[in-house]
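Contents: one structure, followed by commentary.
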Amino acid sequence: MPDHDQLLTFPSSYRAQLSDAEFARLSAFIYNVAGIKMPPAKRIMLQSRLQKRLRELQMDSFKEYIEYLMSERGKQEELIQMLDVVSTNKTDFFREPVHFDFLRDTVLPAHYGEAGARPIKIWSAACSSGEEPYTIAMTIAEYCRTKGVLHDYSIMGTDLSTKVLKMAENAVYKMDKVEGLPIDILHRYFLRSKDRENPTVRVVPELRRHVKVQRMNFMDETYSINEVFDVVFCRNVLIYFDRQTQEKVIGKLCTKLKQGGYFFLGHSESIMNMTLPLQPVRPTIFRKI
Ligand SMILES: C[S@@+](CC[C@H](N)C(=O)[O-])C[C@H]1O[C@@H](n2cnc3c(N)ncnc32)[C@H](O)[C@@H]1O
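Using this note's numbering, the first residue of the sequence shown is number 191, and each one after it goes up by one.
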């Protein structure tokens, strides 16, 4: 083992501290542009995540960073990078599996059972790195395979963060992301890389071609999606917003959901006491009325 006898020295950006006043300015800004709440308990997390940006930009203080971020140039050049850093992107394949069971057992049979059924259109809103839209695609592919039928479908994935959308578009994942998935799902829907040192998997092209991704911020005044969907997934993102913002966002998402279409929320999210055109059908699953 090498000797450890050197004192650590770091550039000043490693030591840059986010003061309470700077945190308050930054958190108000983040709330305004992305709706994301940043309570004081998140100060250290925000500081350490942004220190990396300061280093990349060769800035020594948060004061300098905040001035740049809030300038017209910063809003063009830095805002998206900053949002990539502050957003929480945790996701998994088949996360909260009852939703995919409901899709397979209720939504798909009803949709495709109609005479002359058109391709089902599903929106994975806040799709992060793509595990959710590809899980939806696998669920539809499995449904068609087991019924011995061929049905077309399209899935739109949107997110605020360009970093995760790039991952969703590439559909390449580390092996640990697919550990625990049933072996036949792995065989049917993933390809393995040749790299034995650092193996990855990629979703097969037959599923990828049904999934399109695009950037969209829930805070946008009007949503730039000119489609109406049969199903909207909006899971595990509203928890970062306050109630008023949650209600506004769900209301806007509902304008893109066809009447009778299904809306899925994350398991810790609720629409209790909100005025929305949604009727509960199961916990966290709703139908548009
Ligand atoms: C925890 S992930 C949830 C991913 C997936 N829906 C799931 O349930 O596994 C939350 C995602 O919401 C996105 N997000 C946060 N604020 C957003 C906003 N204002 N507009 C759109 N997406 C946002 C984040 O970038 C992140 O990828």
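Built from N, CA and C at the ideal position, the CB exists for glycine as well. Since this is a predicted model, take the numbers as computed values, not measurements.
Test item: CB-CB of residue i and residue j under 9 angstroms
| i | j | result |
| --- | --- | --- |
| S486 | D349 | Within the shown structure, residues of the chain are numbered from 191 to 479, placing residue 486 beyond reach of any answer. |
| V427 | G456 | yes |
| A315 | L443 | yes |
| L236 | L269 | no |
| F419 | I326 | no |
| S414 | V354 | no |
| M328 | F283 | yes |
Same chain only: Cβ atoms within 6 angstroms of residue i, ignoring 5 sequence neighbours per side
| i | result |
| --- | --- |
| H289 | F454 |
| T474 | L455 and H457 |
| R335 | none |
| Y255 | L244 and M249 |
| S383 | P389 and T390 |
| S251 | A206 |
| V403 | G347, L355, A358 and E359 |
| R239 | V275 |
CA-to-CA distance, residue j to residue i, given in whole angstroms
| i | j | result |
| --- | --- | --- |
| T465 | E437 | 8 angstroms |
| M423 | A224 | Before going on, a small fix: residue 423 reads as Phe here, not Met. The straight-line gap from Cα to Cα measures roughly 19 angstroms. |
| G347 | E359 | 9 angstroms |
| L216 | R285 | 32 angstroms |
| K448 | A305 | 18 angstroms |
| R308 | Y452 | 16 angstroms |
| F213 | D385 | 43 angstroms |
| A361 | I234 | 32 angstroms |
| V439 | Q196 | 53 angstroms |
| N416 | R472 | 28 angstroms |
| P229 | K337 | 49 angstroms |
| F380 | L371 | 11 angstroms |
| N279 | K446 | 24 angstroms |
| R392 | I373 | 15 angstroms |
| I493 | E369 | No answer is possible for residue 493: it lies beyond the span of the chain, which begins at 191 and ends at 479. |
| Q266 | F219 | 15 angstroms |
| T412 | M406 | 10 angstroms |
| P299 | M462 | 29 angstroms |
| E425 | Y333 | The residue asked about is misnamed: residue 425 is Arg in this sequence, not Glu. So the alpha carbons of these two residues sit roughly 22 angstroms apart. |
| L259 | Y302 | 49 angstroms |
| G450 | I375 | 30 angstroms |
| I345 | H194 | 53 angstroms |
Counted within 10 angstroms of its Cβ, other Cβ atoms place residue i as buried (16 or more) or exposed
| i | result |
| --- | --- |
| S458 | exposed |
| P323 | buried |
| E257 | exposed |
| K478 | buried |
| A211 | exposed |
| A206 | buried |
| L340 | exposed |
| R263 | exposed |
| V297 | buried |
| L293 | buried |
| Q241 | buried |
| G320 | buried |
| S261 | exposed |
| S351 | buried |
| I429 | exposed |
| H377 | exposed |
Sequence-distant residues of the same chain with beta carbon closer than 8 angstroms to residue i, five excluded per side
| i | result |
| --- | --- |
| E396 | A331 |
| D295 | none |
Spatial neighbours of residue i in its chain, beta-carbon cut-off 7 angstroms, leaving aside the 5 residues before and after
| i | result |
| --- | --- |
| K364 | T390 |
| D432 | K227 |
| M409 | V223, A224 and G225 |
| S460 | none |
Near ligand 2: residue i beta-carbon under 8 angstroms from a heavy atom
| i | result |
| --- | --- |
| T281 | With respect to ligand 2, the structure shown offers nothing to examine, as its ligands consist of ligand 1. |
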